[in-house]
Amino acid sequence: MSFIQRYKTMDKTERANYRKEFFINNSLYMFLIAAVVVIQFISPHFLSGPSIVNIISLSAANLPIALGIAGAIILTGTDLSAGRIVGLVACVSASLLQATGYPNKMFPDMPTLPLVLVFVIALAIGALVGLINGFCTAKFNLHPFIVTLSTQLIVYGALLMYLMIGNNNGQSISGLDSSYTGFITGSFLSLGRTPIPNYVWYALIITVIMWFIWNKTAFGKNMFAVGSNPDAANVSGVNVKRVITLVFVLAGIMYGITGFIEAARIGSNSAATGLNYELDAIAACVIGGVSFVGGIGKIRGVIMGVVLLRLIFVGLTFLSIDANMQYIIKGLIILVACAIDMRKYLVRK
Amino acid sequence: MEPKKKNVFASAASRIPIKLLDAVIIVGILAIAVLIPFLSSRGGFTVSFDSSGGSEVETRRLRYGDEIEEPEEPVRENYVFEGWYYDSEGKRKFDFDGAYAEESLTLYAVWSPLAEDVPASAE
Amino acid sequence: MSDKILLEMESICKDFPGVRALDNVSLKIREGTVHALMGENGAGKSTLMKCLFGIYTKDSGKIILDGKEVSFKNPKDALEHGVAMVHQELNQALKRNVMDNIWLGRYPKTFGFVTSERQMYKDTKKIFDELGISADPKMIMSKMSVAQRQMVEIAKAVSYNARIIVLDEPTSSLTEQEVGHLFRIIDMLRERGCGIIYISHKMEEILKISDDITVMRDGTHVTTEPASSFTMDKIIKLMVGRELTNRFPEKTNKPGEVILEVEGLSSKYNQVEDVSFKVRRGEILGFAGLAGAGRTEVIENLFGISSRSGGSIKLHGKEVKNRNAAEAIKNGFALLTEERRSTGIFGILNICENTTISSLKKYKRGKLVLSDKLRRKDTEWAIKSMRIKTPSQRTQIRTLSGGNQQKVILGRWLLTEPEVLMLDEPTRGIDVGAKFEIYQLIVELASKGKAIIMVSGELPELLGVCDRICVMSGGKLVGEVDASRTSQEEIMALAAQNV
Numbered sequence: 001m002s003f004i005q006r007y008k009t010m011d012k013t014e015r016a017n018y019r020k021e022f023f024i025n026n027s028l029y030m031f032l033i034a035a036v037v038v039i040q041f042i043s044p045h046f047l048s049g050p051s052i053v054n055i056i057s058l059s060a061a062n063l064p065i066a067l068g069i070a071g072a073i074i075l076t077g078t079d080l081s082a083g084r085i086v087g088l089v090a091c092v093s094a095s096l097l098q099a100t101g102y103p104n105k106m107f108p109d110m111p112t113l114p115l116v117l118v119f120v121i122a123l124a125i126g127a128l129v130g131l132i133n134g135f136c137t138a139k140f141n142l143h144p145f146i147v148t149l150s151t152q153l154i155v156y157g158a159l160l161m162y163l164m165i166g167n168n169n170g171q172s173i174s175g176l177d178s179s180y181t182g183f184i185t186g187s188f189l190s191l192g193r194t195p196i197p198n199y200v201w202y203a204l205i206i207t208v209i210m211w212f213i214w215n216k217t218a219f220g221k222n223m224f225a226v227g228s229n230p231d232a233a234n235v236s237g238v239n240v241k242r243v244i245t246l247v248f249v250l251a252g253i254m255y256g257i258t259g260f261i262e263a264a265r266i267g268s269n270s271a272a273t274g275l276n277y278e279l280d281a282i283a284a285c286v287i288g289g290v291s292f293v294g295g296i297g298k299i300r301g302v303i304m305g306v307v308l309l310r311l312i313f314v315g316l317t318f319l320s321i322d323a324n325m326q327y328i329i330k331g332l333i334i335l336v337a338c339a340i341d342m343r344k345y346l347v348r349k
Numbered sequence: 001m002e003p004k005k006k007n008v009f010a011s012a013a014s015r016i017p018i019k020l021l022d023a024v025i026i027v028g029i030l031a032i033a034v035l036i037p038f039l040s041s042r043g044g045f046t047v048s049f050d051s052s053g054g055s056e057v058e059t060r061r062l063r064y065g066d067e068i069e070e071p072e073e074p075v076r077e078n079y080v081f082e083g084w085y086y087d088s089e090g091k092r093k094f095d096f097d098g099a100y101a102e103e104s105l106t107l108y109a110v111w112s113p114l115a116e117d118v119p120a121s122a123e
Numbered sequence: 001m002s003d004k005i006l007l008e009m010e011s012i013c014k015d016f017p018g019v020r021a022l023d024n025v026s027l028k029i030r031e032g033t034v035h036a037l038m039g040e041n042g043a044g045k046s047t048l049m050k051c052l053f054g055i056y057t058k059d060s061g062k063i064i065l066d067g068k069e070v071s072f073k074n075p076k077d078a079l080e081h082g083v084a085m086v087h088q089e090l091n092q093a094l095k096r097n098v099m100d101n102i103w104l105g106r107y108p109k110t111f112g113f114v115t116s117e118r119q120m121y122k123d124t125k126k127i128f129d130e131l132g133i134s135a136d137p138k139m140i141m142s143k144m145s146v147a148q149r150q151m152v153e154i155a156k157a158v159s160y161n162a163r164i165i166v167l168d169e170p171t172s173s174l175t176e177q178e179v180g181h182l183f184r185i186i187d188m189l190r191e192r193g194c195g196i197i198y199i200s201h202k203m204e205e206i207l208k209i210s211d212d213i214t215v216m217r218d219g220t221h222v223t224t225e226p227a228s229s230f231t232m233d234k235i236i237k238l239m240v241g242r243e244l245t246n247r248f249p250e251k252t253n254k255p256g257e258v259i260l261e262v263e264g265l266s267s268k269y270n271q272v273e274d275v276s277f278k279v280r281r282g283e284i285l286g287f288a289g290l291a292g293a294g295r296t297e298v299i300e301n302l303f304g305i306s307s308r309s310g311g312s313i314k315l316h317g318k319e320v321k322n323r324n325a326a327e328a329i330k331n332g333f334a335l336l337t338e339e340r341r342s343t344g345i346f347g348i349l350n351i352c353e354n355t356t357i358s359s360l361k362k363y364k365r366g367k368l369v370l371s372d373k374l375r376r377k378d379t380e381w382a383i384k385s386m387r388i389k390t391p392s393q394r395t396q397i398r399t400l401s402g403g404n405q406q407k408v409i410l411g412r413w414l415l416t417e418p419e420v421l422m423l424d425e426p427t428r429g430i431d432v433g434a435k436f437e438i439y440q441l442i443v444e445l446a447s448k449g450k451a452i453i454m455v456s457g458e459l460p461e462l463l464g465v466c467d468r469i470c471v472m473s474g475g476k477l478v479g480e481v482d483a484s485r486t487s488q489e490e491i492m493a494l495a496a497q498n499v
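Chains as they are written, first to last, in the numbering used here: chain A, 1 to 349; chain B, 1 to 123; chain C, 1 to 499.
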C-alpha cells in the first residue's frame, strides 16, 4: 500500500498523530531553512552568486570527511581522530609541495614532487591511521570512542614532531607550489563572474564513489548489516572484524583526501589545522539522518547535513556573529539533532 | 557464543520518555531562535592591530561587510614600517584594497631595522 | 475459584489502516482462575492485551477492573493498578541484580533519598519465600537462567500486588522441571485470588493448567468455555476454522546415504563432550534434551560460531573445518539460530536486505557491483516459497510477525543453497497455522535431498517431524532413537540421565 493510500485510510486522530510526528522529526530542517530565508531577507547578499559559490565550496571541502565519519557512525561508533588526521596529512602534503625557491621551505633541497605521488602519500597516511583505528576496534573489541581518542592524541603528537623537522622549526607551512594550488583551488568553470574551485568537482566525484560503495557493493551491505546487528551478521557469514577494519580504513582515506585538498585550500598549515573538524562532520551526519543507533544512513542525507550546516554558519557570519559565539549555536543544533534522532529510533512507543 | 555487546547508547536512551525529548527539541530550537538575534545584535568582528613594539593602534569593532580601512601608520624607534601582515613572521601581507570584515582578525605590524650607516652629510 | 469477575473487557474494537484487528471482543476473567487465551498469530490476542495495557488506544468498548471502569495510559499505569504482564521476551536490566529489577522506580528509601539495600533485600526475600523461589536477590540477572529470570518477573508482579497477571508464552524456554515449578507458583497465585491470563500455543499445557479457555480467530471472539469441555482437536478446529486432521504434514522424505559424519565433537567453553552422530541425505534428525544439555551448543560448534576443542566433521567423506560462519556457509552448512531477535534479524533493514545478506556473492557482476535486480528476484522467490505475508520487499522486517520473520530467515538460508540445514527451535513463539507451514517446508526440503538437523524443546514436534532423534544430556549424547518407534517418556528418561 503506497503512502498516499495509507494516509487516506487513516482516521482523524491518526492523521493528527502523523502530522505531529512529521512536524517534530523535521522541525530542525524547517527551522534552519526558515532561518536561512530570514537571513537572506536581512542581508540580501547572503544568497548572491559569489556567496553561494563560497557556501558550495566550503561544503565541498567538508564533504569527504563527513562521508568518512558517516561510516563509523553507521557502525554505532565514532571517530574522534578525523580532524587531527586531516591536519597531519595537510601539513605533510604542504611540506612536500612547497614552491622551489620559497625562503622558508621545509625541505630546501627537494625538487617539486609530482602531485600524484603526494596524493598517494596522503591517502596512505590516512589509510594507515584508519587501519590502526579499525584493527584495535575490531580485534580487541574496544569502543571506537576510546580508540580514536587515543589516535587523535598520537596523531597530534606526530604532527607536532613533524613540524619541527627539516628547515621548519614548528612554524606554519605555506608558500605552496602553484601547480598544487592551481590543481586544487584553480577553476575552469564559473558561476557568473565567480570562479568555482576545482575541489568542488573532486568532492562530487568522491561522493559518487562513496554512494556506489554504500549501495552497490557487498561491502556496503555488510557495513549496514554489522551496524544493525553484529551478532546476526556474524551468524550470517559476514566477516565482522574485517568489515569494521575496512570501514575505518575507508574513513581514513577520506580524511587523507580532505587533508590533501585542505592544505592547498587554506594555504597556510600549522599544528592547528584540522582541530575539531570531526565535530562539524559528526554534526552534519546527525542532522542528515545518519543515526547513532547504527545501520541507518543515506549519502544524500550527509550531503544535506553538510550543506545545511554550512549555510547556517555563513548566515550567522553575515549577521556579524563572531566565530566563538557560533559554537553555542552549533552545540544547540547538535543537541536538537540528537534528540530528534533518539526520538525516531530508540524510544519504544 | 561470546557475550553480546549491547549498544550502550541504545539501552540507556530507550528508557527516556518521549515527552522529555520533545521538550529538549522545542526548547533547543527556541533557544537557537532567541540566541541568533541576541548574539547578532551584540556581535561584530574585532580587527585588532598588534604593532609588535610600535605605537599602539586602536582595535576596531566592525560588523559584517564593513570596510576595513587602513589605520595610521604606527611608529617605532629605529625601525621602518613594512606593513600589516596576517602573521607575526611577515609571510602573508594584508591587502586593504577592497577588504571588508568577514571574521575576527589580528593583524601584525612587521618592522625592518633602520639602516645603520648615517649619510655623511647629516649634521 | 469463585464466580466473581475480576476483569472484564467488554466489546473491544480496534481498527488499523485497512484491517479490523479486534471486532467486538469480550473477555471475562474470574477471580482465582487461570484463563487461557488462544488463537493464531493475527487472531488478535496480543492486540487485545495491548489495548488492556494502554499500548494501543481502543476505538470502542470498556475495560472494567473490580467493578470500576478503567483506561490505562501505559503498562506502568496498569501495573500500579494491579494488572501486570510477564513478557515472552523479557525486558530486564541484565547488568543489575534481582532486587534492582524488581524495585526499579520505587526503591525503598531511608532518609527520603538514600536507597536502602537492606529493606529491598528483605522485601524481595519475603516474596520469594511466599512463592517458593530459591533465587538469591543479590544475584546479577545476566547470570541467571531464563527460567529464573521469569520467576523474577512474576515476583515483580506480585510485589505490585497484581490481581491480574498476564503470562505470554511463559514456558517456551523452560525445562520440564521448571515448568512444574512455574505451575506450582501459578497455583499459589490462584489460591490468593489472582486472575491469570495465560497465552500460549502449547495445547497440552493449556489443557492441564487452565480453568477457562477463550479462543479467538481473525480478531473475533469465537468462544469461551471451561477447560474441561475442550479437547486438543476442538481447540485447533476453533482456532484455525477448519479441520486440521494432522498437526504435522505427511512425511514425504526418504533418507538416503550418509552425507554428514560427526565424530568426537567437543567444545572448548561449554560442556559438550565427545558427541558423534551421522546424518543422511533427505533425513530430518532431531536433537532433544533439557535446556542446558548442549543441543544448541552442538550445532553452534558444527557451524563454527562456537570454539571446538576436538572432533572431526566430514561432509561427503571430506573433512571440513568450519572455523567460522563464512567458512561453514561455503562448505554448505546453514544455521537458523534460537533467538531470531538477537542473532537472526537485522531489525532496521528491510526484507530484501535480510534475505540476501548471506549470499551476496551470488549477485556480483564483475568483482564489485551487486545486481539489485537479481537480489529482488531472489527475494521474490523467498517470499513466495516460504509464503511470507508482507506488503512488500522493502518493508522493515521488525514490523512482521514472529512467524513471518522466521520464514524470512529460513529463506535467507535457503538462498545459500546449503546441504546441511540446522534449525534451532524453528517454531518457537509461532502459532499453530504457521507452525504447520514451517513443518511442511522442512519436510519439503528434506524430500529434495537436504540433510536437516532440528533442535527443539517440544517433544511432540520432534516426534511428528523427525526421522531419528538424538538425545543430549549434560553435554553428552546419551541416546539415538527412531522417531516412529519411540515415545516421549523414553526420550525424557534419556534426557534426565546426566542431570
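Just so you know, even glycine gets a beta-carbon here, dropped at the ideal spot from N, CA and C.
A check of alpha carbon separations from glutamate 297(C) across Leu265(C), Asp123(C) and Arg323(C) identifies Leu265(C) as the nearest.
No Cβ of chain B is located within less than 8 Å of the beta carbon of methionine 304(A). Leucine 319(A) has a beta carbon lying within less than 8 Å of a beta carbon in chain B. Per DSSP, reduced to three states, the secondary structure at tyrosine 121(C) is helical. Shown here for valine 129(A): same chain residues with a beta carbon closer than 7 Å to its own, the five before and five after excluded, namely Ser81, Ile85, Thr151, Val155 and Gly252 in chain order.
Look at tyrosine 64(B) here: in three-state DSSP terms it is coil, with no helix or strand label. Cβ neighbours of glutamate 73(B) within its own chain (closer than 8 Å, five residues either side excluded): Phe81. Pairing isoleucine 296(A) with glycine 282(C), the inter-Cα distance amounts to about 41 Å.
Listed in chain order, the positions of the region 311-340 of chain C with a beta carbon within less than 7 Å of a beta carbon of chain A are Ala325, Ala326, Ile329, Leu335 and Thr337. Looking from the CA of proline 460(C), the closest CA among Glu480(C), Tyr439(C), Ala446(C) and Gly474(C) belongs to Tyr439(C).
Interface residue (Cβ-Cβ distance to chain B less than 8 Å): methionine 325(A) is classified as such.
In its chain, beyond the 5 residues on either side, Ser473, Gly474, Lys476 and Val478 have a beta carbon closer than 7 Å to the beta carbon of asparagine 498(C). If one requires a minimum length of 4 residues, the alpha helix (DSSP H) runs lying completely within the region 79-118 of chain A are 82-96, in chain order.
Contact between the region 223-230 of chain A and the region 38-47 of chain A is not established, with fewer than three Cβ pairs separated by less than 8 Å. Between the C-alpha atoms of isoleucine 140(C) and arginine 96(C) there is a straight-line separation of about 6 Å. Interface annotation for the region 270-300 of chain A against chain C: Gly295 and Ile296, criterion Cβ-Cβ distance under 7 Å.
In the DSSP assignment, isoleucine 453(C) falls within the beta strand (DSSP E) that extends over 451-455. For alanine 272(A), there is no enclosing beta strand (DSSP E), as DSSP marks it with neither H nor E. Take glutamate 130(C), set aside five residues on each side of it, and the residues of its chain with a beta-carbon closer than 8 Å to its own are Val158 and Met188, in chain order.
The DSSP-derived three-state label of serine 309(C) is strand. The way I'd put it, the region 173-182 of chain C does touch the region 140-155 of chain C; three or more beta-carbon pairs between them come closer than 8 Å. By the rule that beta-carbons nearer than 8 Å mark a contact, alanine 31(B) touches chain A. In the three-state reduction of the DSSP assignment, aspartate 280(A) falls in the helix class, which pools H, G and I. Close to chain C, meaning a Cβ-Cβ distance shorter than 7 Å, are the following residues of the region 207-233 of chain A: Lys216, Thr217, Ala218, Lys221, Phe224, Ala225, Ser228, Asn229, Asp231 and Ala232. Of all residues in the region 47-59 of chain B, none has a C-beta nearer than 8 Å to a C-beta of chain A. Closest in alpha carbon position to alanine 339(A), among Ile32(B), Ile25(B) and Phe38(B), is Ile25(B). Taken through DSSP and simplified to helix, strand or coil, glycine 402(C) comes out as helix. The Cβ neighbour count for alanine 272(A), taken over all protein chains shown within 10 Å, is under 16; the residue is labelled exposed. For histidine 35(C), the uninterrupted beta strand (DSSP E) segment begins and ends at 34-38. Taking C-beta separations shorter than 7 Å and ignoring five residues to either side along the sequence, the partners of leucine 309(A) in its chain run Asp280, Ala283, Ala284 and Ile287, following chain order. Taking CB atoms only, glycine 315(A) has no neighbour in chain C less than 8 Å away.
Straight-line measurement puts the Cα of lysine 448(C) at about 19 Å from the Cα of lysine 278(C). Judged by DSSP in its simplified three-state form, methionine 164(A) adopts coil rather than helix or strand.
One finds nothing in chain B with a Cβ atom closer than 9 Å to the Cβ of valine 243(A); even the nearest lies about 15 Å away. Under the three-state reduction of DSSP, isoleucine 102(C) is assigned to helix. C-alpha of aspartate 322(A) to C-alpha of serine 104(B): approximately 7 Å in a straight line.
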